[in-house]
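> To start, I am sharing the structure in question, which I have written as structure tokens.
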Amino acid sequence: MVIRILPSILSADFANIQRDIEAIAGADGVHVDVMDNHFVPNLTLGLPVVESIRKATPALLDIHLMIENPDRWAPAFAEAGAESVTFHVEAAHAPIRLARELRSQRARAGMALKPATPIEPYADLLPELDMVLIMTVEPGFGGQKFLDLCLPKIERTRKLIDASGGDIWLEIDGGVSVETIERCVAAGADTFVAGSAVFAADDPDAMVATLRDLADA
Ligand code: DX5
Ligand code: ZN
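Just so you know, numbering that gives the first Met the number 0 puts 178 at position 179 of the sequence shown, and the rest follows in order with no gaps.
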């Protein structure tokens with residue numbers, strides 16, 4: 000299985016985003032958390048900042064939209080040059096139409112699930128998707144504790160993805176660290192967001208390598 004490590008710049012220094020992205024050169028890309036203070040109780044950054052990040056780095060941009068009405072906003076992030084755009088299915092009004100629109104813009108289309116949202120009602124959507132993001136904390140903040148209760152859902156999602164036969168990444172977001180990444184791999188995940196674990200480390204790039212080694216073992 001190909002393992003991907005995508006550090007979340009939510010835990011980077013927002014005054015030095017370019018510097019902090021350059022400090023994780025061994026990563027597979029950068030995870031960008033967009034929050035609107037409605038879908039989640041926090042406010043981060045939006046389209047103009049993503050457009051500037053796009054100009055500042057060739058790294059794969061993995062946009063995680065924690066916003067209401069992603070149908071209205073997600074395509075603009077694909078238009079800005081993000082390789083992957085993920086919307087929360089709890090917020091999307093027309094997830095199939097939105098996923099098709101993102102793909103027509105040549106972005107990977109991702110669907111995110113909060114910890115209490117089951118995968119089964121959305122299993123039929125898998126052929127429309129390039130990624131499923133399973134939140135392993137309640138979305139909104141970095142540095143929270145990993146929720147083990149999400150592990151069975153990761154296993155069930157892996158089975159559904161394998162049955163679908165598609166090239167669908169299974170991404171885990173929230174509390175990923177040296178303590179938890181192996182449990183996620185065992186459950187079937189292949190793509191990992193890590194915010195505080197990477198950017199609080201003395202050497203962020205070495206932590207990316209450590210997480211990859213643990214996941215690849
Ligand atoms: C939380 C965000 C995450 C966050 C993860 O709502 O979606 O991407 O940055 O941070 P850690 O890895 O510290 O849990
Ligand atoms: Zn995220």
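From the three backbone atoms N, C-alpha and C, an ideal C-beta is built for every residue, glycine too. Keep in mind the model is a prediction, meaning the values are calculated, not measured.
Report the rounded CA-to-CA distance for ALA214 versus ALA14, giving the unit in angstroms.
Their backbone Cα atoms lie some 31 angstroms apart in a straight line.
> Using the Cβ count rule (16 or more neighbours within 10 Å means buried), how would you classify MET130?
Buried, because 16 or more other Cβ atoms sit within 10 Å of the Cβ of MET130.
> Nearer than 7 angstroms: is that true of the beta carbon of MET130 relative to any heavy atom of the ligand DX5?
Incorrect: MET130 has no Cβ contact closer than 7 angstroms to the ligand DX5.
> What distance in whole Å lies between the Cβ atoms of ILE52 and VAL31, which are believed to be in contact at a cut-off of 8 angstroms?
That pair is a contact at about 7 angstroms.
> Give a yes or no on whether the C-beta atoms belonging to GLU50 and ALA79 are separated by under 8 angstroms.
Yes, the pair counts as a contact, with Cβ atoms nearer than the cut-off.
> Would you say the beta carbon of VAL49 is closer than 7 angstroms to some non-hydrogen atom of the ligand ZN?
False, no ligand heavy atom lies under 7 angstroms from that Cβ.
> So within the stretch 79–167, which uninterrupted beta strand (DSSP E) runs reach at least 3 residues, ignoring any that extend past its ends?
Runs of the beta strand (DSSP E) inside the stretch 79–167: 83–87, 107–112, 130–134.
> Should MET65 be counted as a contact of the ligand DX5 given a C-beta to heavy atom distance under 7 angstroms?
Checking the Cβ of MET65 against the ligand DX5 gives yes.
> How about the stretch 121–140 and the stretch 195–205: do they share at least three Cβ pairs that are nearer than 8 angstroms?
The stretch 121–140 is not in contact with the stretch 195–205.
> May I have a chain-ordered list of the alpha helix (DSSP H) segments no shorter than 4 residues that lie completely inside the stretch 20–59?
As far as the stretch 20–59 is concerned, its whole alpha helix (DSSP H) runs of at least 4 residues are 46–55.
> Should ASP172 be listed as close to the ligand ZN, given that the test is whether its C-beta is under 7 angstroms from any heavy atom?
Yes.
> Run through DSSP, which three-state label would VAL1 get?
The answer is coil: DSSP assigns VAL1 none of H, G, I, E or B.
> Would you call the stretch 104–113 and the stretch 80–90 touching, i.e. three or more CB-CB distances under 8 angstroms?
With a cut-off of 8 angstroms, the stretch 80–90 and the stretch 104–113 count as touching, because enough Cβ pairs lie within range.
> Cβ of SER7 within 8 angstroms of Cβ of ALA205?
In this structure, ALA205 does not lie closer than 8 angstroms to SER7 by Cβ.
> Please classify MET65 as buried or exposed, where buried requires at least 16 other C-beta atoms within 10 Å of its C-beta.
Buried: at least 16 other Cβ atoms inside 10 Å.
> Hey, is SER176 close to the ligand ZN, as in C-beta under 7 angstroms from one of its heavy atoms?
Not so, every heavy atom of the ligand ZN lies at least 7 angstroms from the Cβ.
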